[in-house]
Amino acid sequence: MRVPGRYDGVARPIVTYGEDPVLHRRCAEVTEFGRDLRRLVLDMFASMQAADGVGLAANQIGVDARIFVIDCPDAEGEDVVGYVINPTLSLPDLHEGEPAEETSEEGCLSVPGPYADVRRAFRARVDGVDIKGEPITIEATGMAGRCLQHEMDHLDGTVYVDLLPEEQREQLLAEAAGPGGDLPA
Ligand SMILES: [Zn+2]
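Structure representation (structure tokens):
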């Protein structure tokens with residue numbers, strides 16, 4: 044999906060784990076479809092790009108709204124670029140030969156530094172609306188499919204480390220808080 048002018052936005056600071064309750068609760072449905080919404084989506088693309096991420100949910104820049112952006116390669120290496128407002132997640136029928144699930148490394152801009160293996164559906168789909176309220180769909184496989192599921196979790200207040208055993212979560216959060224650390228995907 045092409046998003047004209049997506050680099051016109053202004054990057055905003057990323058909220059890290061435990062820093063702001065907005066990251067840890069379900070985000071609100073978007074009900075106002077005006078200029079501010081367009082600006083927010085542009086700023087989300089800019090924030091994702093500035094942070095070297097492959098996806099970003101609105102609450103990761105402190106905004107309580109059910110929106111995410113994605114710019115991430117799928118299982119074929121094709122970039123999946125787009126955004127969805129008020130998305131719902133579904134797991135569509137697999138194509139021949141595709142695995143139902145895949146375990147792969149996952150990281151998060153809100154837990155900067157570490158990565159951990161997470162099991163996710165291989166193919167995922169989100170349905171929602173664009174900035175004019177018109178229906179849009181993104182369906183993706185591999186890392187992009189994983190990203191759709193990761194961002195949907197964010198909008199429900201779940202960071203990927205919340206899916207892991209407590210001991211592992213605490214270790215990852217300690218690593219994220221430590222000095223240095225590369226930028227995550
Ligand atoms: Zn994340």
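Heads up, the sequence shown is in this note's numbering, so the first residue is 44 and it goes up one at a time. Glycine included, each C-beta is placed from N, C-alpha and C at the ideal position.
A direct Cα-to-Cα measurement between residue 164 and residue 134 gives close to 7 Å. Taking 9 Å as the cut-off, the Cβ atoms of residue 168 and residue 182 count as close.
Here residue 184 is buried, its C-beta having at least 16 other C-beta atoms within 10 Å. The alpha helix (DSSP H) runs lying completely inside the segment 73-156 and spanning 4 residues or more are 78-93, given in chain order. Excluding five sequence positions before and after residue 218, the CB atoms of its chain that fall closer than 6 Å to its own CB belong to 156 and 157, given in chain order. In the three-state reduction of the DSSP assignment, residue 54 falls in the coil class. Between the segment 202-219 and the segment 135-145 there are fewer than three C-beta pairs closer than 8 Å, too few to call the two in contact. In this structure, DSSP gives residue 169 an extended state, which the three-state scheme calls strand.
Distance from the CA of residue 55 to the CA of residue 110, rounded to the nearest whole angstrom, comes to 15 Å. Taking C-beta atoms as the reference points, residue 137 and residue 103 fail to come closer than 9 Å. Distances taken from the Cβ of residue 67 to the heavy atoms of ligand 1 include none shorter than 8 Å. DSSP links residue 160 through a beta bridge to 148.
One Cα belongs to residue 125, the other to residue 84, and the distance between them is close to 10 Å.
DSSP, read as helix, strand or coil, puts residue 209 in helix.
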